[in-house]
Structures are given as C-alpha cells and as structure tokens.
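Position in the sequence shown (from 1) plus 353 gives the number in the working numbering.
The beta carbon of each residue, even a glycine, is placed where N, CA and C say it ideally should be.
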Amino acid sequence: MADDLRLICASDELEEGGRGVRFAILHEGALKPAFAVRFEGLARAYLNQCAHVPVELDFREGEFFDDSGLYLICSTHGALYAPESGACLGGPCNGKALTPLQVVEMDGHVYVREETGHGGR
C-alpha cells in the first residue's frame, strides 16, 4: 500500500500560506512539475501548471501564494486558485481547476501518491 508513496519533504518545510516545495511526479505517463503547500493546516499538492495555459505558477521558485497567503496565484496570468481545492476563483482560468495530487502526511513527513501501472493515479 505504501509502495506508491513518494517522499516530498519534511512536514515543517510547509508553512501555513507560505513557500511551497517543488517536485516532479509521473502523471499520465510523463514526468511533470508539481508542488506542495500548506493551507488550513493541511498539506496539499497540485501539478505545477496553470489551468489557463500550461505554464508553471511560480515565477520565483516556491512562491505559489499571493501576498495575502490565502490564494494560489499564477505569476504569469494573475489567475487565483483556492488552495483547498485548486478551483479557479478568478482570472482567465474561470471554470477550471488545478490538477490535484493525493497527499499523505505522517510521521513528520509529506508524501504524494504516485501513479502505478499504465492507468490513472
């Protein structure tokens, strides 16, 4: 069961509404950029790709939140996303969402569930 869990970082590396941790993950058969952040006390992870145009969200590495620390923001388009769901809240991505990844936090570490086999996650 835990064979498909991949270590991302120590839990204390993710501060509430602060810097995120970048990593790469196998998704739909290709290695893709992704990130993990903490919001409302929980670690959350998404593919690092704007739902509007396939560009990475962070202009400065690890900076995914806007200045308020309440929303994820695409530094290229200004699109705002809900950190708890990845749903677009405003901007050119309206009606779309970031691609979520399954996160497991245990024993002081953050893990992401990787794909197994040839199908989905």
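For residue j and residue i, the rounded distance between their alpha carbons
{"i": "Asp-460", "j": "Arg-397", "result": "16 Å"}
{"i": "Leu-358", "j": "Val-456", "result": "9 Å"}
{"i": "Cys-446", "j": "Val-408", "result": "12 Å"}
{"i": "Cys-362", "j": "Leu-442", "result": "28 Å"}
{"i": "Glu-368", "j": "Gln-402", "result": "21 Å"}
Residues of its chain near residue i, where Cβ-Cβ distance is below 6 Å and the 5 sequence neighbours each way are ignored
{"i": "Gly-370", "result": "Phe-418 and Gly-422"}
Spatial neighbours of residue i in its chain, beta-carbon cut-off 8 Å, leaving aside the 5 residues before and after
{"i": "Pro-453", "result": "Arg-397, Ala-398, Tyr-399, Ser-438 and Gly-439"}
{"i": "Ser-364", "result": "Ala-396, Glu-458, Gly-461, His-462 and Val-463"}
Per-residue burial, residue i [other beta carbons within 10 Å of its own, 16 or more giving buried]
{"i": "Ala-404", "result": "buried"}
Chain-order list of residues whose beta-carbon lies under 7 Å from that of residue i (same chain, five-residue window excluded)
{"i": "Glu-393", "result": "Glu-437"}
{"i": "Leu-379", "result": "Glu-467 and Glu-468"}
Subject >> Within the region 376 to 408, ranges of the beta strand (DSSP E) (whole runs, at least 3 residues) >> reply: 383 to 392 and 395 to 400
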